[in-house]
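2 protein chains.
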Amino acid sequence: MALIVHKYGGTSMGSTERIRNVARRVAKWVRAGHQIVVVPSAMSGETNRLLGLAKELTSNPDPRELDMIASTGEQVSVGLLALALQAEGVPAVSYAGWQVPVRTDSAYTKARISSIDDTRVRADLDAGKVVVITGFQGIDELGSITTLGRGGSDTSAVAVAAALKAEECLIYTDVDGVYTTDPRVVPEARRLKVISFEEMLEMASLGSKVLQIRSVEFAGKYRVRTRVLSSLTDPLMPLEDEMISGTLITFEEDEKMETAVISGIAFSRDEAKVTVLGVPDKPGVAFKILGPIAEANIDVDVIIQNQSVEGFTDFSFTVARGELAKALDVLNTKVKPEIGAKEIVGDPAVCKVSAVGIGMRSHVGIASKMFETLFNEGINIQMISTSEIKISVVIADKYMELAVRALHKAFGLETTAA
Amino acid sequence: MALIVHKYGGTSMGSTERIRNVARRVAKWVRAGHQIVVVPSAMSGETNRLLGLAKELTSNPDPRELDMIASTGEQVSVGLLALALQAEGVPAVSYAGWQVPVRTDSAYTKARISSIDDTRVRADLDAGKVVVITGFQGIDELGSITTLGRGGSDTSAVAVAAALKAEECLIYTDVDGVYTTDPRVVPEARRLKVISFEEMLEMASLGSKVLQIRSVEFAGKYRVRTRVLSSLTDPLMPLEDEMISGTLITFEEDEKMETAVISGIAFSRDEAKVTVLGVPDKPGVAFKILGPIAEANIDVDVIIQNQSVEGFTDFSFTVARGELAKALDVLNTKVKPEIGAKEIVGDPAVCKVSAVGIGMRSHVGIASKMFETLFNEGINIQMISTSEIKISVVIADKYMELAVRALHKAFGLETTAA
């Protein structure tokens, strides 16, 4: 008998028929002798509907009230799932975040979990009940409802698993695991049976959106064994098969029996490049350029400063494509006159492609192999950024699929066992 | 400056445009210097949608989970209304019942309010905020969400007004007050400017559905000055006009300047008559007949036992029309063999018409005037039931409109000032 946390996304909870399927799957785990806590998302579309109503009323909504409104989506889900479980003959009880309670700070719409009280949940589990807890939300010190931001239900599930010291946290979603790259781009992409927590962080933040990045951080911090698996399989499939399906995110190196050098190729098209040309190369330039950008709440990703030539340098960085216009505006109005740059150039037609792998640490030549592969395909590299376990390049948008396919092949990802 | 509670029904909250109108109206009251607490219902259709989802999952839902689900409708409403008020430049904060808290017993789906803590609300009012509180719900001793049953938002509003010792509780709805009878049946029906609490109780329970009956009981118990008025008027109409519009429910006899003998004619078509024929007239007969009916959770209204003839009597009562089949089944299977009755007869084609008036107490001849009026129209009276302030008759369904019109005229309701 193990204590296991299940998390189901909005698509899995999208209709009463699908909720019934979730209940059937949970019931199967209960009958196999496990204690189960379920964290469901709001029914798909519901959070958008609720926030849409708020938007009709004001363009500048009070975040506390937004959380009051948005949190109801998950509350409906837990009640419905508890009913579906009871209809399956499984004793179940639902709790909103504030009832557990899941305590958070007061950063409405993007709160962070500070603690979870497990007393009530544990008592229900010991009484033989399945406990269904709202994802995405908690309560702050003022007694107000908070939400964790989009995708926060993943984080809730991992946090609940950490608080309960659950054996495993199963994140059921509409994909069957984490792949070496997007199968829509590379048909030979292979599901990874195991991925390290660090690799998962890079894969998630680089655009292979399977899990919310904060949930992975949480899993890492509290060493929660987390598995991503499909909710679209037969809910009554044999438990032995289900327990080894999907992709396990692990913290123990030796769980990766055969460590590949590169685990996957991540990519993101939501990129734009900004270049500040002819900047007088003085101390504080980077700060003077990026300070106003940060103040405007624009997230910056890759940053490159070229070597100085005759006292002038070029400074480039990438932002989300939707923020390019805003970034250019800030640079032209606030930065250019201040630092005396020659020109500001924006390019929305770029993308980022990254090779990720914990094995990189102990292997040399990964970067050169990556650059050679791109050279052989005639792809010009515009920016390069590296970390311990990944290498990212910014290239022209139109080469993205070509680059991903070539790198996936070059690193032998279609054949390597994970 | 007065503390006033506003309550808005589901139709008034039915769209963001209507919510904006509610905010405009509340803002007008605030600008006139009043402290306002608002209790809105769920957006129209929302509670039905939510309970419909639950029904798709199980025919026998756990009432605790139903309350978890249904209570979200009002939570969305308070958040949206707070946003709309803020957009109008009025500081506002929303609370769910559990945050106030509104404490109730644990009778899920039909809970009763036991106490309301006014600390938090009063602090916000004193800080210049409008406080928006969910109707329809509270929290029990276990920390679970409870709901008060259909129409419970009226009760919430009156209870909040009582707890805060508010000057008045304004119930905004889609009618502009309480009428002498239904204007759809009698075009000459007149709005009552004032009605006594006792009359309102009789009018509400007899089918003139303007206010939930429990809210009227609450208003009576705590002597909350309650006014029913329209939310369909111009939200910016002069405050002086609005303050004397609608129908005031009063507890002070002298507020009714000119007391009419009869205040209104109420009626209900949702009636069915059951007759147990040839019952041996022994002690305990009424109990033996009505005990099993009560056990089957069937509400009984008018009860008549005829005089005994040769040791046998007939026993009649009315039930809601939808429960006739169930009542007949109980009588045939459990009661008939037990008491040795000759026959059980059901008649779904009856209705109830009542004359209601606190003036009746001090006037004689009301009953005979009522019977004479019906006799003149050739309407046969099947059952009669009287109380201090009303006389009800059960008659054939087809005569209902005729009876209501004739009585409305006979008691001079189209001309009397209330």
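Chains as they are written, first to last, in my numbering: chain F, 10 to 427; chain Y, 10 to 427. All residues carry an ideal CB built from backbone N, CA and C; glycine is no exception. In this text, all values refer to a predicted model and were calculated from it rather than measured experimentally.
Would you mind giving the Cβ-Cβ distance between residue i and residue j, rounded to the nearest angstrom? I have them listed as a contact below 8 Å.
i, j, result
"Y:I154", "Y:W107", "6 Å"
"F:S239", "F:V184", "7 Å"
"F:I78", "Y:V48", "F:I78 to Y:V48, Cβ: 17 Å. No contact."
"Y:I398", "Y:E226", "Not really, about 15 Å apart at Cβ, beyond 8 Å."
"F:G137", "F:P110", "Incorrect: roughly 23 Å between the Cβ atoms, too far for contact."
"Y:G293", "Y:K351", "Not confirmed; about 18 Å, so no contact."
"Y:V233", "Y:V187", "Incorrect: roughly 16 Å between the Cβ atoms, too far for contact."
"F:H15", "F:V35", "6 Å"
"Y:M209", "Y:I271", "Not really, about 14 Å apart at Cβ, beyond 8 Å."
"F:G355", "F:V309", "That pair is no contact at about 14 Å."
"F:K202", "F:G158", "Not confirmed; about 30 Å, so no contact."
"F:V169", "F:V46", "6 Å"
"Y:Q146", "Y:S80", "4 Å"
"F:D127", "F:L173", "5 Å"
"Y:K37", "Y:L248", "6 Å"
"Y:D406", "Y:V373", "Not confirmed; about 31 Å, so no contact."
State the beta-bridge partners of residue i as determined by DSSP.
i, result
"F:L179", "F:H15 and F:R236"
"Y:R200", "Y:Y188"
"Y:G300", "Bridge partners of Y:G300: none, in fact."
"F:Q314", "F:F324"
"F:M392", "F:V403"
"F:T256", "F:V237"
"F:T155", "F:G147"
"Y:G273", "Y:V365"
"F:T284", "F:S325 and F:V354"
Count the other CB atoms within 10 Å of the CB of residue i; is the residue buried (16 or more) or exposed (fewer)?
i, result
"F:I253", "exposed"
"Y:N385", "exposed"
"F:A427", "Interpretation of F:A427 is limited by its pLDDT of 44, a score under 50 that renders its predicted location unreliable; the figure taken from the coordinates is listed afterwards. Burial call: buried."
"Y:S68", "exposed"
"F:H417", "buried"
"F:E83", "buried"
"F:L59", "buried"
"F:L245", "exposed"
"Y:G144", "buried"
"F:D149", "buried"
"F:K291", "exposed"
"F:S377", "exposed"
"Y:A364", "buried"
"Y:T424", "exposed"
"F:A334", "exposed"
"Y:V102", "buried"
Note down, in chain order, each residue of its chain lying with its Cβ closer than 6 Å to the Cβ of residue i, except the 5 sequence neighbours on either side.
i, result
"Y:S124", "R112"
"F:M266", "Caution is warranted here: a pLDDT of 46 is assigned to F:M266, below 50, making its placement in the model unreliable, and no coordinate value can be reported."
"F:P192", "A198"
"Y:R29", "A93"
"Y:Y117", "P72, R73, D76 and T155"
"Y:G23", "M52 and S53"
"F:A329", "D279"
"F:E55", "G82"
"Y:E410", "V194"
Output needed for residue i: all residues of its chain with C-beta closer than 8 Å, excluding positions within five of it in sequence on either side, in chain order.
i, result
"F:I390", "F380, L383, V402, V403 and I404"
"F:A213", "V219, L220, Q221, I222 and V225"
"Y:A295", "I312, Q314 and F324"
"Y:E1", "Since the first residue shown for chain Y is 10 and the last is 427, residue 1 of chain Y is missing from the structure and cannot be characterised."
"Y:K297", "V344, E347 and I348"
"F:L62", "I78"
"Y:E261", "none"
"F:G320", "P289 and D290"
Whose C-beta lies closer than 7 Å to the C-beta of residue i among residues of the same chain, with five residues either side of it excluded?
i, result
"F:V413", "T190, V194, V195, I274, F276 and V362"
"F:V339", "P301, I302 and A305"
"Y:R370", "E397 and I398"
"Y:R33", "E97, P244 and L245"
"F:A336", "V283, I302, I307 and V328"
Verify the contact flag: residue i, CB atom, against every heavy atom of the ligand NAD, threshold strictly below 7 Å.
i, result
"Y:H372", "This structure does not include the ligand NAD; it has no bound ligands of any sort."
Ordered list of alpha helix (DSSP H) runs contained in the region 75 to 153 of chain Y, each at least 4 residues: Fully enclosed alpha helix (DSSP H) runs of 4 or longer: 81 to 96 and 128 to 135.
Every unbroken alpha helix (DSSP H) inside the region 335 to 391 of chain Y [4 residues or more]: 345 to 348 and 375 to 385
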